[in-house]
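Undergrad: Sequence lines, in order, name chains A, B and C. Quick note on our numbering: the first sequence kicks off at 12 and runs consecutively. Quick note on our numbering: the second sequence kicks off at 168 and runs consecutively. Quick note on our numbering: the third sequence kicks off at 28 and runs consecutively. Here you go, one structure.
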Amino acid sequence: MSFELFVQYLVNGVALGSLYALVAIGYTIIYGVVNLMNMAHGEFFMVAAFLAMWGVNKLPLPWYVAYAISTVITVLLGLFVEKVAYRPLRKVKVSSFIGAISVSFLLQNLFVVLFTSRSKQFPHPEFLDEVLHFGNVSIPVVNIVIVIVSAGMFLILSYIVSKTKMGRAMRAVSKDLEAAQLMGINPDRVISFSFILSTTFAAVGAFMYCSKFPYVDPFTGAIPGLKAFIGAVMGGIGSIPGALVGGFTLGLSEIMLVGFLPTMTSYRDIFAYLILILFLLFRPGGIFNVKIREEKV
Amino acid sequence: MEKKQLKTILSLVSVAVILFFSFWAEDHLDSYQIRLLYMWGIYVIFVASFNLVYGYTGQFSMGHAGLAAVGAYTVSLLILSPEAKQLSFFIAPPIWPISVVQWPFLPSLILAGVLTAIVGFLIGAPALRLRGDYLLIATLGFSEIIRLLLCNMPSICNGAMGLKGIPHHANLTWVAGLAIFTVFVVKRLVDSSYGRAMRCVKEDEIAAEAVGVNLFYHKILAFVISSFFVGIGGALFAEVLGTIDPNTFKPYLTYAVMIMAVLGGVESLTGGIIAAAVYTVMSELLRVVETPRTFFSLEYPGIPGLRMLVFAVMLLLLILFARKGLMGDREFSWDWLLSKVQRDTKGGQES
Amino acid sequence: MSVLNVDNLTMRFGGLVAVSEFNLELEKGEIVGLIGPNGSGKTTVFNTVTGFYMPTEGNIFLDGTEITGLKPDKVTSFGLARIFQNSRVFRNLTVFDNVMIGYHLRLHSNPLAAIARTPGYVKQETEAKEKTLALLEGLGLVEYVDERAGSLPYGLQRKLEVARALATKPKVLLLDEPATGMSAEETTEMIDFILQVREDFDLTIFLIEHHMQVVMGICHRIVVLNYGKTIANGTPDSIKNNPKVIQAYLGAD
């Protein structure tokens with residue numbers, strides 16, 4: 012393939028990778044702090060997109076207002092779900108997973124009932140649709156925005172986690188819940204804060220993803236959610252840099268696969284699952300080799 | 168007569184009654200009702216196998232959908248005639264030996280079960296080494312890989328187009344008989360020494376190892392036997408539906424089985440049977456609400472998605488407030504029934 | 028030949044040396060105690076010997092057969108049984124099932140035979156059932172046979188754990204703090220219980236205990252650990268007055 016074509020795929024891969032990384036970080040924050048795989052994360056993503064869409068199309072609101080309000084509502088939804096569905100089940104591992112899957116199906120089908128499963132176009136600022144050209148390589152503006160926003164959010168998160176009191180509390184809870192409690196940390200508040208962060212990442216990820224791939228339906232969150240999840244596991248679930256690296260790598264590889272082996276395109280999901288299983292079996296700690304909690308004898 | 172003999176006779180009589188009823192129903196109930204009974208029977212098989220792996224051995228597997236697909240496709244590819252296959256296969260012609268093979272029903276069914284058990288072994292051997300949520304994700308991953316492979320192999324199974332015109336051999340008596348057989352085998356296994364070992368694995372893996380129980384062997388045993396029956400269930404599924412495609416076997420199927428199992432009580436086969444009936448009926452009632460209808464020239468557009476929404480809410484409520492389900496870990500037994508009868512008659516005599 | 032031979036056992040977790048060059052030879056019929064301050068590596072020794080940890084260095088032999096690095100269920104099948112520091116009975120199973128499971132590893136059958144209830148399988152199950160009831164009777168637990176194990180008082184749960192271990196027909200029994208959490212009266216009962224069991228079942232016993240009354244009372248020999256190293260090995264009398272032992276427990280003065 013020509014160099015320019017390679018760069019083109021690279022451009023797309025970097026964008027998709029950044030998107031997956033954003034969503035993956037959302038998963039990993041929750042897993043790190045609560046030890047829960049929030050299977051409904053993709054649905055928070057979807058809800059944010061729908062709320063923004065509804066805001067712009069129905070009310071109507073300017074896009075930045077709709078996005079902002081949608082983010083707030085999605086965060087509130089996340090907190091609500093945590094309080095009602097996850098908190099009571101915190102002790103029982105399998106039940107909390109069943110709870111998470113139920114929330115996932117519930118949200119998907121609730122939105123099917125409310126908005127039908129027909130896909131609709133996601134309203135976004137027009138400048139994102141413009142495309143810059145460098146020779147034969149076209150870079151959609153939205154790609155640039157994606158990378159900038161992702162990098163920015165990651166930096167903000169790093170600051171929060173390493174420099175703020177709440178961030179330190181999050182790290183303490185993720186290492187040892189009981190010890191953190193003994194130190195006077197209120198786990199419920201820390202967990203709620205984690206959900207706020209996680210859903211914010213989901214919402215922002217949704218706005219950008221749907222700006223790039225503008226057709227939205229209640230099941231739109233499922234695939235990015237899954238891919239991001241695999242990326243998080245790949246990087247080391249519970250590790251924020253891991254989610255960044257894992258999500259990004261997965262997104263980039265996916266596009267490169269399509270580019271270099273176009274006949275294998277329909278197999279890309281299979282590869283994603285295979286990668287997941289291989290990591291689970293041989294390197295459950297992921298690239299960054301996060302410690303897996305073992306039972307004491 | 169001795170109590171044990173009485174119980175055996177009661178069991179045999181019940182089985183005979185069920186089979187007779189199924190036989191009669193084939194000719195006397197309308198096809199809608201028969202189909203409901205079919206689905207109930209198939210769901211019983213699915214739930215009983217889930218009970219075995221999760222309720223009794225404690226391994227939370229989300230692989231049911233993929234395994235059912237293996238059973239369904241095996242039986243379909245075997246019993247469809249070569250001509251039907253040539254017609255159905257749209258994208259690419261079927262490869263040998265699929266293009267020429269045609270087997271009678273019973274051997275196909277058995278092979279479906281056996282093949283699914285083998286696939287179950289291949290999945291279980293790596294996956295069962297994982298704990299809790301990792302096992303879950305891995306089995307879900309395998310289930311989806313199976314489904315996606317089926318989508319992408321047009322010369323083996325017609326890819327995403329699926330198979331249709333699957334001839335209907337299994338009448339209701341077959342399904343009832345197989346459901347009874349599944350419950351029987353699972354119960355026998357659970358009540359045996361191996362079943363006891365499985366329950367110990369669920370209770371406390373470390374203590375179980377200390378007592379000489381080989382963890383992996385028993386997990387795999389439960390998983391493989393469970394897979395066998397899931398394969399049978401999947402095969403019957405194909406038979407009843409008449410057409411299958413990979414989307415029939417999306418994770419929702421596994422989720423539905425999970426709902427039934429939790430509703431009935433994951434450690435109760437009786438609960439599973441009851442829950443399967445409840446789910447089948449609710450599913451139908453909700454389907455009615457979902458589809459557009461015309462009432463006296465009033466158009467009711469239907470509410471699609473309501474069915475799954477209701478089930479999702481139901482499972483959430485169950486898991487939050489009634490985790491043990493309807494039956495918890497209790498089972499129906501002749502002992503229980505006889506003691507109730509004796510107590511009533513004694514009460515009658517005393518007053 | 029000693030019944031249990033632990034040869035130069037070392038257990039390292041990353042940079043931490045939990046147990047260092049541990050040696051032990053248990054003769055048949057002996058009762059040997061393992062004591063030491065908290066964190067000295069006693070349970071680590073147990074876990075390594077019984078197969079829950081793979082030793083970093085060293086070998087373990089049971090009656091001449093090497094069992095180093097075998098998985099716990101295999102180790103038990105060779106005749107080494109244990110109870111745990113925190114009671115690990117199968118709480119949701121009945122007392123009966125808790126002991127019956129001990130006979131499972133000696134079952135010569137297969138799942139299909141079990142499902143079909145072949146005469147060979149049924150015979151073995153019936154025998155195991157009889158032995159279970161006899162065992163429970165002999166240990167004073169038979170009246171609780173259908174109770175849920177988790178509902179038993181703590182002292183009885185400990186006894187049940189021992190009964191369960193005995194069902195596996197061990198040659199050597201490892202007891203991890205059998206008398207912990209017990210009153211004076213219960214402790215005396217436990218001592219008698221251990222002695223009785225050793226005699227009835229022809230056992231060799233290796234136990235971890237903090238209760239000095241138990242240790243001094245029934246052990247033929249005592250091994251003392253501190254920070255993973257063996258600091259003393261001898262009769263109760265010699266240990267009682269050993270200055271190194273006293274220092275380990277009380278700290279350097």
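Cβ coordinates follow ideal geometry from the N, Cα and C atoms, glycine included. All of these numbers come straight from a predicted model, not from anything done at the bench.
Just how far apart, CA to CA, sit Gly-236/A and Arg-454/B?
TA: Rounded to whole angstroms, Gly-236/A to Arg-454/B spans 28 Å at the Cα level.
Undergrad: Would you call the CB atoms of Pro-321/B and Phe-217/B closer than 9 Å?
TA: No, these two residues do not count as a Cβ contact at 9 Å.
Undergrad: Does the CB of Tyr-361/B have a neighbour CB from chain C at under 9 Å?
TA: Closer than 9 Å to some Cβ of chain C, the Cβ of Tyr-361/B qualifies, so yes.
Undergrad: With which residues is Asn-86/C paired in a DSSP beta bridge?
TA: Its beta-bridge partners are Asp-34/C.
Undergrad: Can you tell which of Leu-70/A, Phe-230/A, Phe-271/A, Gly-28/A has the C-alpha that lies nearest to the C-alpha of Asn-154/A?
TA: Ranking the options by Cα distance to Asn-154/A, first place goes to Gly-28/A.
Undergrad: Could you please tell me which residues of the stretch 346–376 of chain B, in chain order, have their CB closer than 7 Å to any CB of chain C?
TA: Answer set for the stretch 346–376 of chain B: Val-352, Arg-355, Leu-356, Ser-359, Ser-360, Tyr-361, Arg-363, Ala-364, Arg-366, Cys-367, Glu-370, Asp-371, Ile-373, Ala-374, Glu-376.
Undergrad: Give the interface partners of Asn-119/C over in chain B, defined as CB-CB distance under 7 Å, in chain order.
TA: In chain order: Glu-370.
Undergrad: Using beta carbons (cut-off 9 Å, strictly below), is Ala-161/C in contact with chain B?
TA: Chain B, which has no Cβ nearer than 9 Å to the Cβ of Ala-161/C, makes this no.
Undergrad: Going along chain B in order, which residues have a C-beta closer than 8 Å to the C-beta of Ser-333/C?
TA: No information on residue 333/C is available, as it lies outside the stretch 28 to 280 that chain C covers here.
Undergrad: Using beta carbons (cut-off 9 Å, strictly below), is Pro-413/B in contact with chain A?
TA: No, because no Cβ of chain A sits closer than 9 Å to the Cβ of Pro-413/B.
Undergrad: Taking 9 Å as the CB-CB cut-off, is Glu-152/C touching chain B?
TA: Cβ-Cβ to chain B under 9 Å: yes for Glu-152/C.
Undergrad: Ordered along the chain, which non-local residues of its own chain (more than five positions away) have a Cβ less than 7 Å from that of Gly-253/C?
TA: Sequence check: residue 253/C is Asn here, not Gly. Once the five neighbours on either side are set aside, the close Cβ partners of Asn-253/C are Gly-63, Pro-64, Ser-67, Ala-275.
Undergrad: Would Leu-295/B pass as an interface residue toward chain C - the criterion being a Cβ-Cβ separation below 9 Å?
TA: With 9 Å as the cut-off, Leu-295/B does not count as an interface residue toward chain C.
Undergrad: In angstroms with no decimal places, state the Cα-to-Cα distance between Ala-214/A and Ile-470/B.
TA: Cα to Cα, Ala-214/A sits roughly 27 Å from Ile-470/B.
Undergrad: In terms of residues, what are the limits of the alpha helix (DSSP H) holding Glu-236/C?
TA: Looking at the DSSP string, Glu-236/C is not in any alpha helix (DSSP H), and its letter there is neither H nor E.
Undergrad: State the CB to CB distance for the pair Val-214/B and Gly-431/B, rounded to an integer number of angstroms; the pair is presumed to be in contact (CB under 8 Å).
TA: Indeed they touch by this definition, with Cβ atoms about 7 Å apart.
Undergrad: Look up Glu-213/C in the DSSP assignment and say whether it is helix, strand or coil.
TA: Note: Glu-213/C maps to helix in three-state DSSP.
Undergrad: In the DSSP output, which residue or residues are listed as bridge partners for Ala-259/C?
TA: Bridge partners of Ala-259/C: Val-251/C.
Undergrad: Leaving out five residues before and five after Ile-266/C in sequence, what residues of the same chain have Cβ atoms less than 7 Å from its Cβ?
TA: Answer for Ile-266/C: Ile-249, Val-251, Ala-259, Val-272, listed in chain order.
Undergrad: Could you pull out every residue in the same chain whose Cβ sits closer than 6 Å to the Cβ of Gly-270/A, ignoring the five residues on either side in sequence?
TA: Cβ within range, chain order: Tyr-20.
Undergrad: Would you mind telling me which residues of chain C sit closer than 9 Å to Leu-388/B, beta carbon to beta carbon, in chain order?
TA: By Cβ distance, chain C contributes Pro-138.
Undergrad: From the DSSP secondary-structure annotation, give me the bridge partner or partners of Ile-209/B.
TA: The partner list for Ile-209/B (beta bridge, DSSP) is empty, contrary to what the question assumes.
Undergrad: Can you tell me which of the three DSSP states Ala-239/A falls into?
TA: Correct three-state label for Ala-239/A: helix.
Undergrad: How would you call Pro-82/C, buried or exposed, if buried means at least 16 neighbouring beta carbons within 10 angstroms?
TA: Looking at its Cβ environment, which holds 16 or more other Cβ atoms inside 10 Å, Pro-82/C is buried.
Undergrad: Apply the 10 Å Cβ neighbour rule to Pro-418/B and answer buried if 16 or more other Cβ atoms are within range, or exposed otherwise.
TA: Buried: at least 16 other Cβ atoms inside 10 Å.
Undergrad: What are the residues that DSSP puts in a beta bridge with Leu-43/C?
TA: DSSP, once it has assigned bridges, lists Phe-40/C as partnering Leu-43/C.
Undergrad: When you compare the CB of Leu-219/B with every CB in chain C, is at least one pair closer than 9 Å?
TA: It does not: the Cβ of Leu-219/B has no partner Cβ on chain C nearer than 9 Å.
Undergrad: Taking a contact to mean a Cβ-Cβ separation below 9 Å, would you say Phe-73/C touches Leu-201/C in this structure?
TA: Going by C-beta atoms, Phe-73/C is nearer than 9 Å to Leu-201/C.
Undergrad: Mind checking which residues open and close the alpha helix (DSSP H) that includes Asp-173/C?
TA: Segment: none, Asp-173/C is in no alpha helix (DSSP H) and carries neither H nor E.
Undergrad: Applying a beta-carbon distance threshold of less than 7 Å, which residues of chain B neighbour Ile-282/C?
TA: No statement about residue 282/C is possible, as the shown extent of chain C runs from 28 to 280 and does not include it.
Undergrad: Quick one: what's Leu-226/A bridged to in DSSP?
TA: Residue identity check: residue 226/A is Tyr in the sequence provided, not Leu. Per DSSP, Gln-132/A.
Undergrad: Are Met-328/B and Asp-194/B close, meaning C-beta to C-beta below 9 Å?
TA: Against a cut-off of 9 Å, the Cβ pair of Asp-194/B and Met-328/B comes out as no contact.
Undergrad: Opposite Asp-203/C in the DSSP bridges: which residues?
TA: Paired residues: Ile-235/C.
Undergrad: Let me check understanding here. Comparing Cα to Cα, which of Val-58/A, Trp-74/A, Leu-287/A lies closest to Phe-138/A?
TA: When only C-alpha atoms are compared, the closest one is Trp-74/A.
Undergrad: If you follow the beta strand (DSSP E) that Ile-110/C is part of, which residue opens it and which one closes it?
TA: Per DSSP, Ile-110/C belongs to the beta strand (DSSP E) from 107–110.
Undergrad: Less than 9 Å separating the beta-carbons of Leu-487/B and Pro-99/A?
TA: Closer than 9 Å, so yes.
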